[in-house]
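S.K.: Okay, handing you the structure first.
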Amino acid sequence: MVQSLYQQELQQMTRLDLLTSTCGGGTWGWLASLAFSGIVSHPKFSYCRKELTKVADLITILDDVYDVYGTLDELELFTDAIERLLHYII
């Protein structure tokens, strides 16, 4: 029953195209989804696993864009903005 729930979640994430991002190829999305299935394994935390997978995929896409498309000046500005955001959150 739990395995069926995990399979449904993976199908939903794939349908949303979150695990097959154009930048990362989907490898990290699948790994994140499997990792969150192990960390938050109780069936009632399905929503949490889905949202964590979305966040992990977004971070992967941002990292790929950062590595491939950014110029040094843009990357310094982006890094400063992320650091300010992290200080605000923490």
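Our numbering numbers the first residue of the sequence shown as 68 and each following residue consecutively.
No residue lacks a Cβ here, since even glycine has one placed at the ideal position from N, Cα and C.
(1) Measure the alpha-carbon distance for L86 versus K117 and round it to whole angstroms.
(2) Counting along the chain, where does the alpha helix (DSSP H) carrying V122 start and finish?
(3) Relative to the C-alpha of P110, which candidate in Q74, I126, T138 and I157 has its C-alpha closest?
(4) Is C115 near V107, with beta carbons less than 7 Å apart?
(5) Return helix, strand or coil for I157, following the three-state DSSP convention.
(6) Does D134 pass the burial test, meaning 16 or more other C-beta atoms within 10 Å, or should it be called exposed?
M.R.: For this structure:
(1) Because the pLDDT of L86 is 49, which lies under 50, any placement of that residue in the model is unreliable, and the number read from its coordinates should be weighed accordingly. The alpha-carbon atoms of L86 and K117 are separated by roughly 11 Å.
(2) Per DSSP, V122 belongs to the alpha helix (DSSP H) from S113 to Y136.
(3) Minimum Cα distance to P110 is reached at Q74.
(4) For the pair C115 and V107, the CB atoms are nearer than the 7 Å cut-off.
(5) It is coil, neither helix nor strand.
(6) With fewer than 16 other Cβ atoms from the protein chains shown falling within 10 Å of its own Cβ, D134 counts as exposed.
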